[in-house]
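For reference, the structure discussed in these notes is given below.
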Amino acid sequence: MADDPDTLRAHLYRLAELVELARLVPSEDRARMQYMIAQARQAVCEARRNKQQSLEQRATTRTIVLRLLAKEAHRKTEMCIMADDTSR
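Each residue of the sequence shown is one higher than the last, beginning at 1 in our numbering.
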């Protein structure tokens, strides 16, 4: 299932429609319909959770990369200062 917010929203609207339809089906079909709706809801929730985890992982990765870049920039600055000091 796609993680796109619009796709998730569309699936949720479709689930709402299915819930309304489930109320109209005969009682012998209702249990099967409710089971399918529960599975679909679970799939939507899982997609949302995966999307959130992906966003959190991206943020963590970005933070790590920025820290590494800052460390390297700091190290290079120190090396330039030391080279400047030794050339005097």
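Heads up, the beta-carbon is just placed ideally off N, CA and C, and yes, glycines get one too.
Reference residue i, options the options, closest by Cα
| i | options | result |
| --- | --- | --- |
| A40 | L69, L15 and E78 | L15 |
| D4 | C45, L68 and A73 | C45 |
| A38 | S27, H11 and D6 | H11 |
Inter-residue spacing [alpha-carbon to alpha-carbon] between residue i and residue j
| i | j | result |
| --- | --- | --- |
| Y13 | L21 | 13 Å |
| R30 | V19 | 10 Å |
| T60 | L66 | 10 Å |
| M1 | A43 | Per-residue confidence for M1 stands at a pLDDT of 44, beneath the threshold of 50, marking its modelled position as unreliable; no derived number is given. |
| A83 | E56 | 41 Å |
| K76 | L8 | 46 Å |
| N50 | T63 | 20 Å |
Local conformation of residue i per DSSP, three classes
| i | result |
| --- | --- |
| D4 | coil |
| V44 | helix |
| V25 | coil |
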